[in-house]
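Notes to accompany the following structure.
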Amino acid sequence: MQDMVNFLNKGRKNKFSLNLDHLSVEKKKHLGRMLDKLWEGNTDKFLFLPIDHGIEHGPSDFLDCPFALDPYHALELALQGSFSGIAVHIGYATKYWQNPKYKKDVPLLLKLNGKTNIPSSAEAFSPLTSTVSDAVKLGADAVGYTLYVGSPSQDRDIEQLRRVRTESEDAGLPLVVWAYPRGKFIDELGGKNNFAAVAYAARLADELGADLVKINEPELPDLEGQVYPEGASLVSIISFWDLMQSKD
Amino acid sequence: MQDMVNFLNKGRKNKFSLNLDHLSVEKKKHLGRMLDKLWEGNTDKFLFLPIDHGIEHGPSDFLDCPFALDPYHALELALQGSFSGIAVHIGYATKYWQNPKYKKDVPLLLKLNGKTNIPSSAEAFSPLTSTVSDAVKLGADAVGYTLYVGSPSQDRDIEQLRRVRTESEDAGLPLVVWAYPRGKFIDELGGKNNFAAVAYAARLADELGADLVKINEPELPDLEGQVYPEGASLVSIISFWDLMQSKD
Amino acid sequence: MQDMVNFLNKGRKNKFSLNLDHLSVEKKKHLGRMLDKLWEGNTDKFLFLPIDHGIEHGPSDFLDCPFALDPYHALELALQGSFSGIAVHIGYATKYWQNPKYKKDVPLLLKLNGKTNIPSSAEAFSPLTSTVSDAVKLGADAVGYTLYVGSPSQDRDIEQLRRVRTESEDAGLPLVVWAYPRGKFIDELGGKNNFAAVAYAARLADELGADLVKINEPELPDLEGQVYPEGASLVSIISFWDLMQSKD
Amino acid sequence: MQDMVNFLNKGRKNKFSLNLDHLSVEKKKHLGRMLDKLWEGNTDKFLFLPIDHGIEHGPSDFLDCPFALDPYHALELALQGSFSGIAVHIGYATKYWQNPKYKKDVPLLLKLNGKTNIPSSAEAFSPLTSTVSDAVKLGADAVGYTLYVGSPSQDRDIEQLRRVRTESEDAGLPLVVWAYPRGKFIDELGGKNNFAAVAYAARLADELGADLVKINEPELPDLEGQVYPEGASLVSIISFWDLMQSKD
Amino acid sequence: MQDMVNFLNKGRKNKFSLNLDHLSVEKKKHLGRMLDKLWEGNTDKFLFLPIDHGIEHGPSDFLDCPFALDPYHALELALQGSFSGIAVHIGYATKYWQNPKYKKDVPLLLKLNGKTNIPSSAEAFSPLTSTVSDAVKLGADAVGYTLYVGSPSQDRDIEQLRRVRTESEDAGLPLVVWAYPRGKFIDELGGKNNFAAVAYAARLADELGADLVKINEPELPDLEGQVYPEGASLVSIISFWDLMQSKD
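Sequences listed follow chains B, Y, X, L and V, in order.
Under the working numbering, the first residue of the first sequence is numbered 17, with each subsequent residue one higher.
Under the working numbering, the first residue of the second sequence is numbered 17, with each subsequent residue one higher.
Under the working numbering, the first residue of the third sequence is numbered 17, with each subsequent residue one higher.
Under the working numbering, the first residue of the fourth sequence is numbered 17, with each subsequent residue one higher.
Under the working numbering, the first residue of the fifth sequence is numbered 17, with each subsequent residue one higher.
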């Protein structure tokens with residue numbers, strides 16, 4: 017347990033010490049399983065491998081690296097790279113991750129909501145593609161939720177996240193929130209990577225009950241850390257596509 | 017079972033091998049029953065006969081071939097042609113397919129949602145005309161759902177599909193998704209038969225948990241298959257109306 | 017039972033024979049009771065007396081025939097005219113039809129939805145004023161639903177009808193659908209009495225599971241019947257107000 | 017019981033006789049208790065004292081008669097004036113009416129919905145501020161509902177009233193409907209006191225199942241009564257504010 | 017109990033005497049616990065310390081006083097200052113307040129709804145970030161709700177508050193309502209601190225069943241108190257940020 021605290025504190029500017037006593041036994045167990053994977057790999061970052069590009073951008077992302085079309089390629093990467101988990105939607109979790117080879121050794125973070133990039137993101141909102149109940153049936157170790165901070169759709173986004181949080185607490189599954197500034201007002205305020213916007217997004221997710229928060233890297237130079245959310249660890253989730261590009 | 021895998025792999029560009037272990041026993045049983053029909057007929061395609069034109073276009077489709085107005089004509093065609101199933105809405109399933117002659121030998125794919133072509137399809141969405149519960153009561157072998165990919169109504173479409181998927185899993189009924197690019201943004205992007213749009217639609221349906229995906233034939237010439245969804249079979253569903261025309 | 021089939025076939029262009037085997041025992045019982053009324057009166061049409069003008073047009077319809085304000089006048093007419101039923105909303109069913117004199121001998125078709133004519137009908141939709149559960153409590157022999165075919169509100173209309181259909185099936189009550197082309201798109205297409213629009217409306221109601229369909233008389237001259245819905249009887253429901261006028 | 021019928025017939029133009037047999041035993045009991053209050057006071061009108069100005073207009077109504085700010089003043093008036101009931105919202109019912117002095121002798125009509133006058137009433141709609149369940153817990157003798165007839169929000173207003181009606185029937189509580197023409201279309205048609213609009217409002221409430229209907233006094237001179245709703249008593253509910261003014 | 021009445025009457029213009037008999041035993045117990053805190057501190061005001069700036073304004077509020085980023089700083093302040101409670105959202109209640117040091121001695125007012133300041137407040141509405149059920153699980157002594165009086169979103173705000181009120185009554189938790197004039201119509205009427213608007217807000221919250229009401233200090237000079245809501249105590253809740261500023 018102290019190991020877990022120490023590890024998570026690495027990602028924080030250490031003005032304030034982290035205390036995980038509030039986490040339920042089940043959540044600690046699932047978080048621990050995901051951390052164990054990392055330690056196996058001698059890495060010192062919390063790394064999830066998200067494969068949700070097929071929903072968010074469509075399959076054209078994969079045109080230049082056709083091997084990426086094989087879902088087993090990503091699963092193999094997660095397995096051999098000792099990632100702390102793979103973040104996929106219900107269809108891929110059901111069809112590929114359930115292969116015993118991966119189910120046993122790659123922790124599953126079931127991504128619960130998503131959207132295409134076809135309609136304008138002026139009122140961005142990601143509806144649920146699956147539920148915490150699906151995550152429990154599959155044997156996931158965590159659930160993921162994308163919150164579009166600042167979107168005109170914030171009312172139903174916050175409502176939807178509240179229900180997900182309640183269900184994930186009841187199920188003992190850690191809740192990872194992708195907290196992204198988005199929508200027409202964000203564009204007016206300097207864009208989705210604006211420092212203040214990213215800080216606001218992180219804080220909001222933290223206040224709404226996220227256990228872990230994924231943010232975009234903010235643009236401003238004076239990144240001294242003092243306005244980062246004090247209650248949530250900053251978790252770097254490496255993008256599968258970025259990974260593809262860098263390995264080209 | 018291996019027969020089923022082999023058959024479904026025929027429809028795929030065979031870079032990746034298909035594995036159906038994730039399917040429940042009940043889903044395999046229903047899929048098997050529909051495949052048996054095809055093998056009886058010595059066909060090598062998964063063929064459903066959809067009779068939903070009355071909802072989607074109105075009865076004017078039938079003005080030139082009045083015999084098509086007789087619902088028993090289509091049922092007879094499905095029976096004698098050894099189709100893998102007939103895809104109809106609740107009214108026709110209840111009134112005609114339930115005739116013991118057809119109920120016994122024509123697998124029923126209950127189409128769960130639909131819409132008229134009268135309001136503009138700029139924000140296309142097909143509400144539920146029946147439910148998985150109706151399909152179970154009737155003794156269907158599959159359920160069908162139309163997803164309008166890219167429509168501004170995607171939020172409720174994805175939500176509605178999620179509920180249908182959950183219910184069809186609980187009922188052990190295979191879920192066939194008609195994945196159609198549609199709506200004002202698709203028109204801007206090159207139309208509903210645009211290659212990238214069709215590929216996106218197939219991928220989205222696959223990620224959302226479809227067991228089988230029906231797509232429009234895309235327009236682009238370089239149809240090399242490498243961006244086709246790797247997780248779902250490409251199923252050709254012949255249109256009843258096309259069939260009528262070609263038999264004229 | 018064969019009598020019932022013969023009677024209903026009278027209203028159809030007899031290219032296709034009607035089969036009522038799909039109806040549940042309870043639905044047959046209620047339909048039979050309503051047909052018995054007609055045979056008592058030696059009439060050969062399925063006649064319902066609808067008294068819903070107070071909701072649809074307001075009481076000004078009655079200004080010129082003040083006796084029509086007495087709800088017992090209409091009930092007396094239904095009784096003495098051997099109508100197959102009276103179609104009213106919950107308030108009048110509760111307050112007047114429940115008088116034992118009428119409850120015993122006038123079958124009740126509880127009209128489940130309605131609207132005023134005050135807001136524009138550009139997006140016409142009739143919300144539920146009562147439910148199938150109310151119909152069961154009152155002892156009705158059928159329920160009625162108005163579907164505005166082609167309206168921009170079709171999504172919730174189809175959803176609402178689906179729930180009514182399911183409940184009426186569970187309750188064993190026949191479902192009569194008033195299928196009316198309506199809304200701004202219909203106006204563009206030639207109006208609510210346009211032949212193609214009326215045919216589409218009838219077909220849609222039939223596909224959605226109506227047991228009986230009420231349509232407007234279409235305008236086109238070539239009314240040869242071959243595009244009429246083959247699954248539903250064409251039922252003429254005489255309008256109370258028309259009746260008033262013709263008796264003036 | 018005959019007394020009750022005679023009393024209610026006083027408020028009707030007596031072309032048609034009123035029959036209350038359809039009312040449940042519980043509803044008769046509650047109506048009887050409210051009538052008893054009137055007879056104690058030798059009045060011959062059904063009088064409710066509504067104190068909902070704080071919600072509908074804000075407290076500025078009371079600026080000129082500060083004693084009206086004391087909720088006990090109104091309760092005392094209802095008690096000493098032998099009103100048939102006091103119509104208030106949940107907050108005042110809970111905090112003041114529950115004082116045993118008033119709870120025992122002033123029948124409570126719990127007003128279930130309301131709105132402020134701040135947003136435009138172009139699409140007027142009053143959401144529920146409490147439920148029939150609250151009325152039962154408090155020991156009310158009736159519930160009240162404001163229906164804005166002709167408003168573009170009529171769909172959800174009719175739906176909401178339907179649920180209130182069903183619940184009030186189950187609870188055995190009489191349902192009083194304030195039937196007010198309102199919204200942008202009513203303004204176009206001659207305003208909220210227009211004779212035809214008021215008659216339509218009364219008729220609609222009657223058809224939707226109201227036990228008593230409160231209307232605005234219509235403007236037209238030829239108020240001969242023949243178009244008044246034949247199924248509902250016309251109940252005069254004196255406005256608290258009018259009363260204040262007339263006592264000034 | 018009489019102590020509680022006397023204390024609350026201090027905040028009222030004493031034309032009318034306050035009676036708390038309507039409060040349930042559980043609500044009295046929780047209110048008493050919060051008052052005890054104040055008396056310990058020899059203060060004579062009902063003081064809550066709200067730390068919800070991270071949601072309402074984002075973390076930029078804290079840039080000038082970085083110590084405020086430490087959630088334990090605020091908790092320590094609440095503890096040592098003998099505040100009647102700390103008002104925070106679910107994330108901070110779970111992660112920090114649950115530390116036994118504070119949980120034991122700082123009463124928790126769980127703030128149930130909130131919003132960011134990014135989308136325009138023209139149609140201001142605060143969705144639920146947690147529920148009364150969460151408050152019960154945590155061991156809170158009260159729940160808080162922000163009502164935006166006059167907003168075009170008033171329909172769902174009033175509906176949402178009604179459900180919160182019902183649940184808080186069932187749970188025996190006092191309901192504190194932040195009643196704030198807000199939205200485009202309020203701007204037209206003189207702004208959120210306009211005297212009449214503030215008075216209306218207080219009255220509305222009182223009528224809807226609030227146990228305590230928090231208002232903005234109104235602008236008008238003739239604050240003689242006679243239009244203040246007679247049913248609710250005026251509770252001053254000092255703002256954490258104001259406090260920070262004044263201590264600078």
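We put the CB at the ideal spot given by N, CA and C, even for glycine.
Predicted model only: the values in this text are computed from it and were never measured.
Cβ-Cβ distance between residue i and residue j below 8 Å
| i | j | result |
| --- | --- | --- |
| isoleucine 106 (chain Y) | leucine 125 (chain Y) | no |
| valine 122 (chain X) | leucine 91 (chain X) | yes |
| valine 229 (chain V) | alanine 221 (chain V) | yes |
| leucine 144 (chain Y) | leucine 177 (chain Y) | no |
| glycine 70 (chain X) | arginine 219 (chain L) | yes |
| proline 197 (chain V) | alanine 158 (chain V) | no |
| leucine 85 (chain L) | tyrosine 118 (chain L) | no |
| leucine 54 (chain B) | methionine 20 (chain B) | no |
| glycine 188 (chain X) | lysine 43 (chain X) | yes |
Assumed close pair residue i, residue j - CB separation to whole angstroms, cut-off 8 Å
| i | j | result |
| --- | --- | --- |
| valine 193 (chain V) | leucine 163 (chain V) | 5 Å |
| proline 75 (chain X) | glutamine 170 (chain L) | At roughly 17 Å, the Cβ-Cβ gap does not stay under 8 Å, so proline 75 (chain X) and glutamine 170 (chain L) are not in contact. |
| serine 167 (chain L) | glutamate 139 (chain L) | 6 Å |
| glycine 160 (chain B) | glutamate 72 (chain B) | Glycine 160 (chain B) to glutamate 72 (chain B), Cβ: 12 Å. No contact. |
| phenylalanine 211 (chain L) | glutamate 235 (chain L) | 6 Å |
| aspartate 186 (chain X) | phenylalanine 141 (chain X) | Going by Cβ atoms, the distance from aspartate 186 (chain X) to phenylalanine 141 (chain X) rounds to 24 Å, so no, they are not a contact pair. |
| valine 165 (chain B) | alanine 226 (chain B) | At roughly 12 Å, the Cβ-Cβ gap does not stay under 8 Å, so valine 165 (chain B) and alanine 226 (chain B) are not in contact. |
| histidine 38 (chain Y) | glutamine 114 (chain B) | 5 Å |
| asparagine 232 (chain B) | lysine 208 (chain B) | 6 Å |
Identified DSSP bridge partners for residue i
| i | result |
| --- | --- |
| lysine 127 (chain X) | X:Gly160 |
| alanine 103 (chain X) | X:Pro66 and X:Leu125 |
| leucine 228 (chain B) | B:Val192 |
| valine 165 (chain Y) | Y:Pro197 |
| leucine 144 (chain Y) | Y:Asn129 |
Cross-chain neighbours of residue i in chain B, by beta carbon under 9 Å
| i | result |
| --- | --- |
| proline 143 (chain V) | Gln170, Asp171, Arg172, Asp173, Ile174, Glu175 and Arg178 |
| serine 146 (chain V) | Arg178, Arg181, Thr182, Leu224 and Gly225 |
Proximal residues of chain L, C-beta to C-beta of residue i below 8 Å
| i | result |
| --- | --- |
| proline 135 (chain X) | Gly166, Ser167, Pro168, Gln170, Gly199 and Phe201 |
Residues that residue i contacts on chain B, provided the C-beta gap is smaller than 7 Å
| i | result |
| --- | --- |
| isoleucine 71 (chain V) | Leu220 and Glu223 |
Within chain V, partners of residue i - CB distance below 8 Å
| i | result |
| --- | --- |
| tyrosine 216 (chain B) | Gly74, Pro75, Ser76, Thr132 and Ile134 |
Chain V contact residues for residue i, given Cβ-Cβ distances below 9 Å
| i | result |
| --- | --- |
| alanine 212 (chain B) | Gly74, Pro75 and Ser76 |
| histidine 105 (chain L) | Glu223, Leu224 and Gly225 |
Beta-carbon neighbours of residue i, restricted to chain V and to distances below 7 Å
| i | result |
| --- | --- |
| histidine 38 (chain B) | Thr110, Lys111 and Gln114 |
Cutoff 8 Å: residue i Cβ touching any chain A Cβ
| i | result |
| --- | --- |
| tryptophan 194 (chain X) | Of the protein chains in this structure, namely B, Y, X, L and V, none is chain A. |
Kindly confirm or deny that the segment 96 to 104 of chain V and the segment 64 to 73 of chain V touch, where touching means at least three C-beta pairs closer than 8 Å.
-> yes
Is the segment 141 to 155 of chain V touching the segment 109 to 119 of chain V in the sense that three or more CB pairs, one from each, lie closer than 8 Å?
-> Below 8 Å, enough C-beta pairs join the segment 109 to 119 of chain V and the segment 141 to 155 of chain V to call them touching: three or more.
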